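Protein chains in written order, with our numbering: chain A, 1 to 87; chain B, 1001 to 1795.
Here it is, written out as structure tokens:
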């Protein structure tokens, strides 16, 4: 069977209540850059962590991963590359 | 400025126009026999004006001469590069041509002497560059939720690998984006997501393993070749909604569209070409009715797509009368039929979602066998907000462990007997992961009733040697029924609904919600024109009906309340005071009455007392007519008073003749000589007999027949013969103790006929008709005990 390895990136999707300023505060506290809201999804933000390796088969660990402990952070997901085919 | 109405067949100066075989089917010069009737929609004036379509792909060459005229920067961005310009990345392989090709199918400009003509050639077209880089959940979510108040239709011609062994779908963020889109996109009408079905036909792939085509929020489009045959690349599944033309075998024609580097191609292929074609057709329908919701669009497609000459061996008609196939869904899309349906469409009632309880009974799936599980669904009939009576999508969430996923095939049969194949065997799927709460979806039960027995079948057909020690297990499964509690199609679907330009109304300063300010949700009974507040009294236009309160406030309702009737257009007007329901406001236009009143069906009025010749049916608050001879009655045949010239005979009225005569419809005739009174001619018409005769079974006789006895009691002085008890042959009175003789094989004993033999003294007849000896102290007896003695011995 083909082993389907996951490829982790240095981008995160984060759901933070409290609006943009709050998201920015939390982002800088843990060394992330808040790139902005994800499309039209309210309270969902795109965070980028420049000191995390760009592609890795293991999910990233380090101080920045404590961000999930923040009370305002409702949900967080390190982005994984998906195989998509044009039809 | 092209005036279609005058042109017989459409002509454009675009060089590829004549070669676009899928636009000229009706010319009969091409092998294709069913037409998508796109020109028909154009001739009705629909070309995609004011509709915005965006292509989620590898970019769009916005500088292409055939695209720049309709290009819409507000419908475009670059997610991969995180900027606003969706221009594709160029390389030697021209790898990033896909988005530009799809865009041209939708909205390439017409009559600009360039390349080709888009299906919605007056629509606005954009592109989101999102495939040319790391595609993550976030990238897909950003794309799918890009500018949802401006973009009407999103078209995507990509998905998880079609390698026949992948099971993958939208991750949490993208699922959230789909849900947001249908809930809030297009000012609450819902974004329209069009998806290309799988291209993995050759790898025996099955599009039920693709969560994007399986989603209820996407319109999954498959392809058919020019001949109507199944293209080699096509996958089957029960979530495909419809189909459009695309490439087929190498000798079949392909799709013509714009290409990278400002070129033109007639080589676009696969289901990739079908999705944008469908998006273009939907754009025409949205122009015909901008208020169609995302579900309305799916309903319109279901009702207008046609099986035509499309070649499939599994066409079936479901219980709602829709013809459907796992290859082509409800068939080839028909643009003209769609715009015509859209023009007169009434928005379907609110979607209800019924999650039936999970069946957690673990069943072992053995090789070369099947597991069957039956679930009796109620359609959440106990919950008015969730009750699903008429189906739209049906999702089955299944968890299965299995050593070789590709050996599984799954079927679902609806209560109406429609069988969907949720999964077919996949030759190359060796995965041991099974399915974990995977959502299979079928649209094959569209329009059917939800309640009843649903049958899930899981077949295990080993495709090669397998370790049989660990059989598969169906761990759990549950049904999620989507649909409506009421009939979705309004009977008034026959005339245009909403005045087209209501939404450009002049702002009314007195509006406390401030039409422009109120952006919150409208009441479900508001039409798509919008509202200036949350309640049913804040609608700008009503979806179904409305009535007015005393203070002239207008309330939108789904049907007229009791005491009102449906007047012209959508107005509910009051009935007369005593009417419960009516067809007009006058007192003689009642259909049913309030409690305490009775409907006089002759005058259609509600009265407290029924007129002569009728009686009160208290169950139904009705005045019901008596039988024609009654003047008053308590029931139809229960006369209490007769009309003049008739007399009450028992509870009936008939013409009164003196005794010894009967009424034959004209006048009174003499009865038969045996009859003292009669209802008709002959000895059979006697009611009572003359002196010396007795009534026996409706006839007058001089003496009672065998098995009849003379009844001394008399009704009103007349004598009769009554039948003996069945155990007697003859008798002298009623019951079994007055026999005077018995049928053969029975013995008369003390007036009763006993079964069986003649016994000596000191013996009795037992239950089996045999002689048994009496108890010693009896000389004669009727049974075995002391108590049965009838004669004691001399001693």
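Even for Gly, the Cβ is constructed at its ideal location relative to N, Cα and C. Nothing here was measured: the structure is a model prediction, and the numbers come from that model.
Kindly indicate the opening and closing residues of the beta strand (DSSP E) around residue 1129 of chain B.
Numbered from its first residue, the second chain carries residue 1129 of chain B at position 129. Start and end: 1124 to 1129.
Starting from residue 1477 of chain B, follow the beta strand (DSSP E) in both directions and report where the run begins and ends.
Counting from 1 along the second chain, the entry for residue 1477 of chain B is found at position 477. That run of the beta strand (DSSP E) goes 1472 to 1484.
With contact counted as at least three CB pairs below 8 Å, one residue from each stretch, are the segment 1098 to 1107 of chain B and the segment 1057 to 1065 of chain B in contact?
yes
Check residue 1194 of chain B in the structure and name its three-state DSSP category.
In the second chain, the residue the question calls residue 1194 of chain B occupies position 194. Strand at residue 1194 of chain B.
Proximity of residue 1588 of chain B and residue 1605 of chain B at Cβ, strictly below 8 Å:
The residue labelled residue 1588 of chain B in the question sits at position 588 within the second chain. The residue labelled residue 1605 of chain B in the question sits at position 605 within the second chain. Against a cut-off of 8 Å, the Cβ pair of residue 1605 of chain B and residue 1588 of chain B comes out as a contact.
Rounded to whole angstroms, what's the CA-CA distance from residue 1355 of chain B to residue 1198 of chain B? Just pull it up for me.
Locating residue 1355 of chain B in the second chain gives position 355, counting from the first residue. Locating residue 1198 of chain B in the second chain gives position 198, counting from the first residue. Rounded to the nearest angstrom, the two C-alpha atoms are 28 Å apart.
Determine whether the Cβ of residue 16 of chain A lies closer than 8 Å to any Cβ atom of chain B.
On the first chain, position 16 is the one that residue 16 of chain A refers to. For residue 16 of chain A, the answer is no, since every Cβ of chain B falls outside 8 Å of its Cβ.
Taking 8 Å as the CB-CB limit, is residue 1013 of chain B close to chain A?
Position 13 of the second chain, counted from the start, is the residue given in the question as residue 1013 of chain B. Chain A has no Cβ within less than 8 Å of the Cβ of residue 1013 of chain B.
Residue-level contact to chain A via CB, residue 1796 of chain B, 8 Å cutoff:
Residue 1796 of chain B lies beyond the range of chain B shown here (1001 to 1795); nothing can be said about it.
Using a Cβ-Cβ distance cut-off of 8 Å, determine whether residue 1176 of chain B contacts chain A.
Within the second chain, the letter at position 176 stands for residue 1176 of chain B. It does: the Cβ of residue 1176 of chain B has a partner Cβ on chain A nearer than 8 Å.
Can you tell me which of the three DSSP states residue 1600 of chain B falls into?
In the second chain, residue 1600 of chain B corresponds to position 600, counting from 1. Residue 1600 of chain B: strand per DSSP, three-state reduction.
Chain-order list of residues whose beta-carbon lies under 7 Å from that of residue 1204 of chain B (same chain, five-residue window excluded):
What you label residue 1204 of chain B is simply residue 204 of the second chain in a count that begins at 1. Within the same chain, residue 1204 of chain B has close Cβ partners 1164, 1426, 1427, 1428.
At which residues does the alpha helix (DSSP H) containing residue 1352 of chain B begin and terminate?
Within the second chain, numbered from 1, the residue matching residue 1352 of chain B stands at position 352. Careful: residue 1352 of chain B lies outside any alpha helix (DSSP H), inside the beta strand (DSSP E) at 1352 to 1355.
Residue of B:1554, B:1771, B:1126, B:1409 minimising C-alpha distance to residue 1148 of chain B:
Sequence index remark: in the second chain, residue 1148 of chain B carries index 148 (1-based). Selected option, being the one with the closest Cα: B:1126.
Nonlocal neighbours in the same chain, by C-beta distance under 8 Å from residue 1646 of chain B, ignoring five residues either side
As a position in the second chain, residue 1646 of chain B is number 646, starting the count at 1. Excluding positions up to five away in sequence, the list reads 1629, 1653, 1654, 1655, 1656.
Three-state class that DSSP yields for residue 1098 of chain B in the structure shown:
Numbered from 1 along the second chain, position 98 holds the residue referred to as residue 1098 of chain B. Residue state, collapsed to three classes: helix.
Counting only C-beta atoms, is residue 1142 of chain B closer than 8 Å to chain A at any point?
Numbered from 1 along the second chain, position 142 holds the residue referred to as residue 1142 of chain B. Answer yes: the Cβ-Cβ gap between residue 1142 of chain B and chain A drops below 8 Å somewhere.
Could you tell me which residues DSSP puts in a beta bridge with residue 1524 of chain B?
What you label residue 1524 of chain B is simply residue 524 of the second chain in a count that begins at 1. The secondary-structure analysis by DSSP pairs residue 1524 of chain B with nothing; it has no beta-bridge partner.
Is it the case that the Cβ atoms of residue 1365 of chain B and residue 1455 of chain B are separated by a distance below 8 Å?
Here residue 1365 of chain B refers to the residue found at position 365 when the second chain is read from its first residue. Here residue 1455 of chain B refers to the residue found at position 455 when the second chain is read from its first residue. No, the pair does not count as a contact, with Cβ atoms beyond the cut-off.
Could you check what DSSP says for residue 1304 of chain B in three-state terms: helix, strand or coil?
On the second chain, position 304 is the one that residue 1304 of chain B refers to. In this structure, residue 1304 of chain B counts as helix in the three-state DSSP scheme.
Which listed residue (B:1620, B:1592, B:1634, B:1618) has its alpha carbon closest to that of residue 1612 of chain B:
Indexing the second chain from 1 puts residue 1612 of chain B at position 612. Considering only alpha carbons, the answer is B:1634.
For residue 1666 of chain B, does the three-state DSSP call read helix, strand or coil?
Taking the second chain and counting its residues from 1, one reaches residue 1666 of chain B at position 666. Coil, per DSSP.
Taking the continuous beta strand (DSSP E) assigned at residue 36 of chain A, which residues delimit it?
Locating residue 36 of chain A in the first chain gives position 36, counting from the first residue. From DSSP, the beta strand (DSSP E) with residue 36 of chain A extends over 33 to 38.
Step through the CB atoms of chain A and report whether any lies within less than 8 Å of the CB of residue 1078 of chain B.
Taking the second chain and counting its residues from 1, one reaches residue 1078 of chain B at position 78. For residue 1078 of chain B, the answer is no, since every Cβ of chain A falls outside 8 Å of its Cβ.
Report the neighbours of residue 1098 of chain B on chain A: residues whose CB is nearer than 8 Å to its CB, in chain order.
Taking the first residue of the second chain as position 1, residue 1098 of chain B is located at position 98. Result: 86.
With contact counted as at least three CB pairs below 8 Å, one residue from each stretch, are the segment 1063 to 1071 of chain B and the segment 1104 to 1116 of chain B in contact?
Taking a cut-off of 8 Å for Cβ pairs, the segment 1063 to 1071 of chain B and the segment 1104 to 1116 of chain B touch, as three or more such pairs fall below it.
Residue of A:13, A:75, A:81, A:87 minimising C-alpha distance to residue 58 of chain A:
Within the first chain, residue 58 of chain A is the residue found at index 58, counting from 1. Answer by Cα proximity: A:81.
Tell me whether the beta-carbon of residue 1735 of chain B lies closer than 8 Å to the beta-carbon of residue 1725 of chain B.
Here residue 1735 of chain B is taken as the residue at index 735 of the second chain, counted from 1. Here residue 1725 of chain B is taken as the residue at index 725 of the second chain, counted from 1. It is a contact, given that the beta carbons lie within the stated cut-off.
Name the DSSP beta bridge partners of residue 1445 of chain B, please?
Within the second chain, residue 1445 of chain B is the residue found at index 445, counting from 1. DSSP, once it has assigned bridges, lists no residue as partnering residue 1445 of chain B.
Can you tell which of B:1377, B:1231, B:1408, B:1221 has its C-alpha closest to the C-alpha of residue 1202 of chain B?
The count along the second chain starts at 1 and reaches residue 1202 of chain B at position 202. Nearest C-alpha to residue 1202 of chain B: B:1231.
Check whether chain B comes within 8 Å of residue 82 of chain A, counting only Cβ atoms and requiring the distance to be less than that.
Your numbering for residue 82 of chain A matches position 82 in the first chain. Answer yes: the Cβ-Cβ gap between residue 82 of chain A and chain B drops below 8 Å somewhere.
Beta carbon of residue 26 of chain A nearer than 8 Å to that of residue 72 of chain A
Position 26 of the first chain, counted from the first residue, corresponds to residue 26 of chain A. Position 72 of the first chain, counted from the first residue, corresponds to residue 72 of chain A. Against a cut-off of 8 Å, the Cβ pair of residue 72 of chain A and residue 26 of chain A comes out as a contact.
Just the chain B side, please: which residues come within less than 7 Å of residue 38 of chain A by C-beta, in chain order?
Numbered from its first residue, the first chain carries residue 38 of chain A at position 38. In chain order: 1138, 1141, 1142, 1173.
Given that residue 1135 of chain B touches chain A, what residues does it touch there, using C-beta distances under 7 Å?
For the purposes of this step, residue 1135 of chain B is taken as residue 135 along the second chain, with counting starting at 1. Those within 7 Å of residue 1135 of chain B in chain A are 81, 82, 84.
Decide yes or no for the touch test of the segment 1327 to 1341 of chain B against the segment 1308 to 1316 of chain B: beta carbon pairs closer than 8 Å, at least 3 of them.
yes
Quick check on the DSSP output: the alpha helix (DSSP H) that includes residue 1182 of chain B runs from which residue to which?
Looking up residue 1182 of chain B in the second chain gives position 182. Start and end: 1172 to 1184.
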